[in-house]
Every structure is written in structure tokens, then in C-alpha cells.
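In our numbering, the protein residues as written are 367 to 838. Glycine is no exception: its CB is placed at the ideal position from the N, C-alpha and C atoms. Since the structure is predicted, the reported quantities are computational estimates derived from the model, not experimental observations.
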């Protein structure tokens, strides 16, 4: 009933008013019914609630209704079931990365929230779903005065360390460089498909002296590779500075906590938290996606392990892990208001640095940075701008048309196309772009993405005169 759910979002203020009146009636009846066994209320109410909500909202009966907090758009209709969306895969026309024929559920949620009296609630970090209450009636719970949220620890919101503060003794090298104010360089590494440690060390070696941190991808593009954790552990053993990318696509909350502890134990102390690409976009499209958490709740989970020294269940750790937490952002996002709120949630959840999607549009980046600073986010999180060399005009057009969130202005592609050596021109543009970033407010450095091309990364670093070798 997509047409009806779209109507509901368009009339979210009316639905909100009706729901408030309905909730008032439920609360009035609660004292009379709270002592009845829940099953007596579930039996008659559940089928009615399911039918009504399915018709009006395409409700998935998660048992923890948040319609009043998400613009009357049910977040469980998101193919990734994100409770804090949207993801970074929203198409330029607002379509969903997984199902392009439908509008992103979270964009609908934002449209609905703008009309609502309680619309600002969409900026709050939502708890992940408790799978114990799936298919339960929220009406029955309300009739018994039960308005409880899913079991989730009380996690403080807002960073505790400013970008200019003195770093703790356990801080990683990357955190020390960033907080020192030095223009920082990170890059991305996709390990070769091998089970031999020496192959991995040989492949990453050219990047180790020219960058302050090396991101190891986590089954990038939903294509299977050696695990980010094991690759980072090998790098840490060799004295390199790995940044472990961790996505929510392939792990539930147990596996996430386990991997975070494992990473810290093996000397991996930088983690970039990401939602993850849709599994249908990779080489195992028939696999089952997990998405038990999203980027915001993943950050909260790691923060709870680190700052409270406890698992999500409350069980205490003998020695908590020290993790420097990061996340991602997209300055070229078409829906800038939504992107800024999304980034703000991540920073409040604990992100201390942000690595962005490819940036080719300087004007879009400046607009993003203005909003980023207006929200005061630059006080709490370092911004590393994503830069990459275009191989050719053809590859630039392909990236623009096929990678969600990447915008490459026509004049950039035309410049590359006019050059005698398109590859060299793409590299030159990347170096010039970095030169503009060096003195830009709120920019702490760059994240260079040239997967499988360590020589090009080295050449860009040299052309721009950045990185450890050029730091006085």
C-alpha cells in the first residue's frame, strides 16, 4: 500500500493529531487494564492493529513503533531497516539504493517531520530494534501503560573530547596527529585476495610512509575479501597505522562487540563506523544482510565499551578497549539538511573524525562546511575530505552515474577530456583540489581514495606536498 503510506506522510500533521487523541484514550484505559495478562489484550488487538497500520503505513509490526518520531514513515520499510537514516546510498533523484524504483523511506520521513509539531524528534538517535518484541502489539502495551523503549543502555550523547584537547595517553598515532592541528593524510587499502600475510604486507608497504593512517575496507561494495580485522592486525604488528572499517551489513550486535574487543587486543585502535553497502550490489547478492545496528548505534556501542567498560548487556569488562572512533559524511549530498542532521547524529553518538565521500565539487564542499561549522560540529570531529584521481573522462562519467552520492561537475569532466594525458590530468586536478583544502577552515586533512593504485597515491601526496614526509 505504498500510495496510502505516501498519503499518510503528506498528511503527517493530521495523523499526528489523531494519534495523540488515540494515545490519550489508551492512557485513560491503562489503569483499568494494566493488571490483565498481556495475552488477553494481544489476541483481539494485534490483528486489528496489524491491518490498520499495514494499510496506512505499510507497518512491519516491529513492536516498537516510532512513527511519531519519524514523520509518520515507518523506518522498517527501509530495505536496510535503519532506525537512524538515511544511509549514504540515496540516489540523486531521492531513490533508494537497494530499490531505486521507490523513494528513500528516510527522505519521506524527513518530509513528514517538517509538518509535525513533534517533527524535531527525527534528529534524535533512535534505539535499534529489539527482536524479542517483533510482531507484538504496541496498542496492547499502551493499554497497560507500557511505553518502554527496546532494551538499550543509557549512553551519553555528545563527544567528551574536543578536536583541540590534549589526547589521552592511550591515543592512537592518528588521533595525535589530528589533534595536533597538522594537515593529515589517510588513504584506503583493499587487501589482495590471499591467505598469505607477506602478500598483504608487500601490497600495503608503499602507503605506510606517506600517510598518517590507512583505512582497510570491510568487504567494500559487498564483495568478499579478507577481513578488515585480520588485515589491520597484520599491519599493526608491523608498526603501521591501520584504520579498521566496520560495517553493519554482516554483523549483529554480538559479533560487533566481539570484533571491537578483538581489534583492540591486537593493537587496532582506529575504527571507522559505516552502515555498509547493500548486499545485492556485491558478488553474493543471494546472501542474507544483517543490519542489526546502523552507523549511529554502532558508534554508541563502541563508545559504551570504551567509556563505560561494559557490554551492551551491562556485563563489565576487565579492561575496556581504547578506540578512536570515526564515521563518514557526504558533502555532495543533494539533500543537505538531511545529511547535516545525519552527520550530527554520528558526532553525538561518538564520532571523533569524519572521512567523506569523493569530493570534486568545491562549491558543494564549501556549503557543507558552512553548515558543519554552523552546527558546531567542527569542535568535536575532525573532517578529512575525500579526494581521488580520475583515470579518464569516461571513468568520471561512470562514477557520477553509478556511485550514489558522487557528484562530478561537467566542467571537471570536460577538463579531463581535453587533456592529452587524461590520467595525468586527473591526478593534477586532485593535487590542485588538495591545495585549496590546506587553509580551509574546519578541514583537518584529506582521505585519498585510489584503490589498488598506491603509486598514484604517492604521486598525489608528493605533488601536493602533504603527509609525514613534508611535515616540519
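> Between which two residues does the alpha helix (DSSP H) containing residue 567 stretch?
Replying inline: 563 to 574
>> On the DSSP bridge list, what partners appear for residue 638?
In response: 611, 692
>> Taking the alpha carbon of residue 647 as the reference point, which residue from 446, 579, 761 has its own alpha carbon closest?
In response: 446
> What is the DSSP secondary structure of residue 721, reduced to helix, strand or coil?
Replying inline: strand
> Whose C-alpha, out of 443, 432, 537, is nearest the C-alpha of residue 485?
Replying inline: 432
> Looking only at C-alpha atoms, which of 571, 472, 455 sits nearest to residue 820?
Replying inline: 571
> By the 10 Å Cβ neighbour count, where 16 or more other Cβ atoms means buried, how is residue 600 classified, buried or exposed?
Replying inline: buried
>> At 3 residues or longer, what runs of the beta strand (DSSP E) sit wholly inside the segment 728 to 784?
In response: 748 to 753
>> Contact defined as beta carbons within less than 8 angstroms: I believe residue 544 pairs with residue 724. What is the distance between those atoms, to the nearest angstrom?
In response: About 21 angstroms; that fails the 8 angstroms criterion.
>> Rounding to the nearest angstrom, what Cα-Cα distance links residue 443 and residue 738 in this structure?
In response: 29 angstroms
> Comparing alpha-carbon positions, which option in 649, 613, 414 lies nearest residue 660?
Replying inline: 613
> Quick one, which of 592, 540, 694, 762 has its alpha-carbon nearest residue 565's?
Replying inline: 592
>> Residues in the same chain with beta-carbon distance under 7 angstroms from residue 598, minus the five sequence neighbours each way, listed in chain order, please.
In response: 582, 608, 610, 629, 634
> If you draw a straight line from the alpha carbon of residue 356 to that of residue 379, how long is it in whole angstroms?
Replying inline: Limits of the chain in this structure are 367 at one end and 838 at the other, which puts residue 356 out of reach.
> From which residue to which residue does the beta strand (DSSP E) around residue 800 run?
Replying inline: Careful: residue 800 lies outside any beta strand (DSSP E), inside the alpha helix (DSSP H) at 788 to 803.
> Given a threshold of 16 other Cβ atoms within 10 Å of its Cβ, counted over all protein chains shown, does residue 467 qualify as buried or as exposed?
Replying inline: exposed
> Taking the DSSP output, what are the residues bridged to residue 676?
Replying inline: 682
> Counting along the chain, where does the beta strand (DSSP E) carrying residue 628 start and finish?
Replying inline: First-last for residue 628: 619 to 631, but that is the alpha helix (DSSP H), not the beta strand (DSSP E).
> For residue 554, which residues does DSSP report across the bridge?
Replying inline: 581
>> Judging by CA-CA distance, which residue of 621, 589, 479, 538 is the nearest neighbour of residue 657?
In response: 621
>> Could you tell me the alpha carbon to alpha carbon distance between residue 399 and residue 392, rounded to whole angstroms?
In response: 10 angstroms
>> By alpha-carbon positions, which one of 756, 773, 770, 771 ends up nearest to residue 782?
In response: 756
>> Bridge partners for residue 469 per DSSP, in chain order?
In response: 461
> Since residue 751 contacts residue 698 with CB under 8 angstroms, what's their CB separation in whole angstroms?
Replying inline: 11 angstroms between Cβ atoms; not a contact.
>> Which of the three DSSP states is assigned to residue 706 in this structure?
In response: helix
>> Let's see if you can read the secondary structure: which residues bound the beta strand (DSSP E) around residue 381?
In response: Segment 378 to 399 is the alpha helix (DSSP H) holding residue 381; no beta strand (DSSP E) there.
> Taking DSSP as the reference, what is the three-state secondary structure of residue 814?
Replying inline: strand
> What do you get for residue 636, buried or exposed, if any count of 16 or more other CB atoms within 10 angstroms of its CB means buried?
Replying inline: buried
>> If distances are taken between C-alpha atoms only, which option among 736, 760, 477, 761 comes closest to residue 749?
In response: 736
> By Cβ distance below 6 angstroms, which residues in the same chain neighbour residue 758 in space, the five residues on each side in sequence not counted?
Replying inline: 788
>> Report the CB separation of residue 422 from residue 501 in whole angstroms; it is logged as a contact under 8 angstroms.
In response: With a Cβ gap of about 18 angstroms, residue 422 and residue 501 do not count as contacting.
>> With H, G and I counted as helix, E and B as strand and the rest as coil, what does DSSP make of residue 825?
In response: helix
>> Need the endpoints of the alpha helix (DSSP H) that residue 668 sits in, please.
In response: 661 to 669
> Which class does residue 370 belong to by DSSP, given the choice of helix, strand or coil?
Replying inline: helix
> Which residue comes first and which comes last in the alpha helix (DSSP H) that contains residue 422?
Replying inline: 404 to 423
> Which residue comes first and which comes last in the alpha helix (DSSP H) that contains residue 504?
Replying inline: 504 to 509
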